[in-house]
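Each remark here refers to the structure printed beneath this line.
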């Protein structure tokens, strides 16, 4: 089992290099080196397969490419990608809205936060993935159970960040607003939430990959579509080329999501500096 | 207008109790400018917080315009050494914040904010953010914000402590001008005796913690005062020396 793991790396590394190259490194030389490294690793993979390691375990780049091409040409890949993206995005939205609401509520209500503290700590300590069977029972085999798993993973991250942000709000700003006749609702919407905004964004940002994890995991446990289902299905068919092909797609999807978050964050920061 | 009857305040931190203010009785008239001076950390700020209704006194009572202060006192404006401006709002939006809270329409907010901005000498800075301003400008924004919502009493807690000498003078001038125009009552906490005598009608000297009133002195200097030159008059010197004599005892005891 170590062989596939060790050779799964080239695919991942190459994706990262392609992603980080133009942005972070900028220099054409480094990009060239990164592409070369990727090519060498692919060649080594292709060469090792069947000679050093059984093709059954590590497949080879050509087979992986063929598998990917087959799924693209019959369109099935896009159905699976869409299912995963759908669950990820909806789960992310539900989880972050719930997380922000919970975080603000507990942040401004000392009574509620002390009351719920032991329960939330226990829930937070629980590996959320273990809830998956429960969600399948509650929400069935469809996309709802994947959304629920993604949402729960996101919820706690966003909640903890929002809560910390709300607790960090400068007490003097709140007192100042109260002296200016601000109602409790105004204090929350005009002082506390804007003040905690950077914390909330930090929580949202780190939780995006977790939404994807939740969706893929949910699909691996019980589904009939989605990238998680596809990787699980390929594995159960002893189709290592299929497994690698899906892994590459998932990695690309994760990179695309991270890029999207960075773009949104950049926009948001501009908006925060330029306008109100 | 503001009456303090035997006000004391004790803070409890775990097993430790700290007496911040002990048995202060005091009456402040409308439109009066009162400076409270004393060693750092003697409980002067606690006094202001109680007048603002942010802290409840441990014993005694505070009467503001005939009513006992039991909740946040929304008739007062509060200004501290820290600016307490909202960092994500521009100068204009910070100044218009009290109007926004009161539900004024956007057009009116902009109009009135711009008037006040011009009045405190912040023309051209309406679209700047607090972090882009100098310390003195941020103080102007605070004064403008207090002005716009018509706080009848200004509670100032060492507002100009972080400014250099020239800026301080400019702010003193602005403060006296605004107070005279609006007829604001001002309670100023400071540890700068020069500032206290320059601005106030009456100076109260506090002892070391727990703060009690050690001395009360009327400052009989004519108004309007020229903040730059008033300090070179003989009357100023007399007031200053008399107060310093008493204050020195407090500082001296503190050193020991």
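Chains as they are written, first to last, in the numbering used here: chain A, 0 to 275; chain B, 18 to 273. The C-beta atom is built at its ideal place from N, Cα and C for all residues, glycine as well.
Selected residue, minimal CA-CA separation from residue i, among the options
i: residue 172(B); options: 264(B), 251(B) and 69(B); result: 69(B)
i: residue 70(A); options: 261(A), 212(A) and 244(A); result: 244(A)
i: residue 239(A); options: 214(A), 46(A) and 53(A); result: 53(A)
i: residue 239(B); options: 248(B), 233(B) and 149(B); result: 248(B)
i: residue 148(B); options: 165(B), 214(B) and 99(B); result: 99(B)
i: residue 263(A); options: 236(A), 242(A) and 203(A); result: 203(A)
i: residue 137(B); options: 192(B), 83(B), 231(B) and 22(B); result: 192(B)
i: residue 101(B); options: 103(A), 65(A), 213(A) and 171(A); result: 171(A)
i: residue 79(B); options: 44(B), 106(B) and 200(B); result: 44(B)
i: residue 251(A); options: 164(A), 34(A), 226(A) and 233(A); result: 226(A)
i: residue 258(B); options: 245(B), 236(B) and 246(B); result: 236(B)
i: residue 259(A); options: 47(A), 88(A) and 103(A); result: 88(A)
i: residue 58(B); options: 265(B), 77(B) and 228(B); result: 228(B)
i: residue 110(B); options: 165(B), 152(B), 76(B) and 83(B); result: 165(B)
i: residue 195(A); options: 164(A), 183(A), 173(A) and 49(A); result: 164(A)
i: residue 20(B); options: 47(B), 33(B) and 39(B); result: 47(B)
Cβ neighbours of residue i in the same chain (closer than 6 Å, five flanking residues each side left out)
i: residue 94(B); result: 163, 168 and 171
i: residue 242(B); result: none
i: residue 66(B); result: 72
i: residue 62(A); result: 240
i: residue 97(B); result: 174
i: residue 101(A); result: 158
Sequence-distant residues of its chain with Cβ nearer than 7 Å to residue i (five each side left out)
i: residue 128(A); result: 216
i: residue 88(B); result: 70
i: residue 177(A); result: 186
i: residue 268(B); result: 56
Residue i: first and last residue of the uninterrupted alpha helix (DSSP H) it sits in
i: residue 158(A); result: 142-167
i: residue 83(A); result: 75-107
i: residue 128(A); result: Neither: residue 128(A) is in no alpha helix (DSSP H) and is coded neither H nor E.
i: residue 110(B); result: 108-112
i: residue 39(B); result: Run containing residue 39(B): none in the alpha helix (DSSP H); it sits in the beta strand (DSSP E), 33-45.
i: residue 42(A); result: 27-47
i: residue 67(A); result: 60-72
i: residue 210(B); result: 210-216
i: residue 64(B); result: 61-68
Where residue i falls: helix, strand or coil (DSSP)
i: residue 235(B); result: strand
i: residue 206(A); result: helix
i: residue 234(A); result: helix
i: residue 159(B); result: helix
i: residue 274(A); result: Reliability of the predicted coordinates at residue 274(A) is poor, the pLDDT of 38 falling under 50, and the value obtained from them is presented with this limitation in mind. Coil, per DSSP.
i: residue 185(B); result: helix
i: residue 175(B); result: coil
i: residue 255(B); result: helix
i: residue 53(B); result: strand
i: residue 81(B); result: strand
i: residue 133(B); result: helix
i: residue 179(A); result: coil
i: residue 20(A); result: Note that residue 20(A) has pLDDT 44, beneath the 50 cutoff, so the model's placement of it is unreliable and no number is given.
i: residue 102(B); result: coil
i: residue 266(B); result: helix
i: residue 240(A); result: helix
i: residue 138(B); result: coil
i: residue 225(A); result: coil
i: residue 124(A); result: helix
Integer Cβ distance of residue i from residue j, believed to fall under 8 Å
i: residue 98(A); j: residue 133(A); result: Residue 98(A) to residue 133(A), Cβ: 19 Å. No contact.
i: residue 37(B); j: residue 226(B); result: 6 Å
i: residue 223(B); j: residue 216(B); result: Not quite, the Cβ-Cβ distance comes to about 17 Å (not below 8 Å), so this is no contact.
i: residue 63(B); j: residue 30(B); result: With 8 Å as the limit, residue 63(B) and residue 30(B) do not qualify as a contact, their Cβ atoms being about 14 Å apart.
i: residue 156(A); j: residue 206(A); result: 4 Å
i: residue 191(A); j: residue 135(A); result: The Cβ separation is near 38 Å, so there is no contact.
Residues of its chain near residue i, where Cβ-Cβ distance is below 8 Å and the 5 sequence neighbours each way are ignored
i: residue 51(A); result: none
i: residue 139(B); result: 108, 154, 157, 158 and 161
Bounding residues of the beta strand (DSSP E) (the contiguous stretch that carries residue i)
i: residue 222(B); result: 219-223
i: residue 24(B); result: 19-30
i: residue 150(B); result: First-last for residue 150(B): undefined, no H or E at that position.
Amino acids of chain C, ordered along the chain, whose beta-carbon sits closer than 7 Å to that of residue i
i: residue 95(B); result: Here the protein chains are A and B, and chain C is not one of them.
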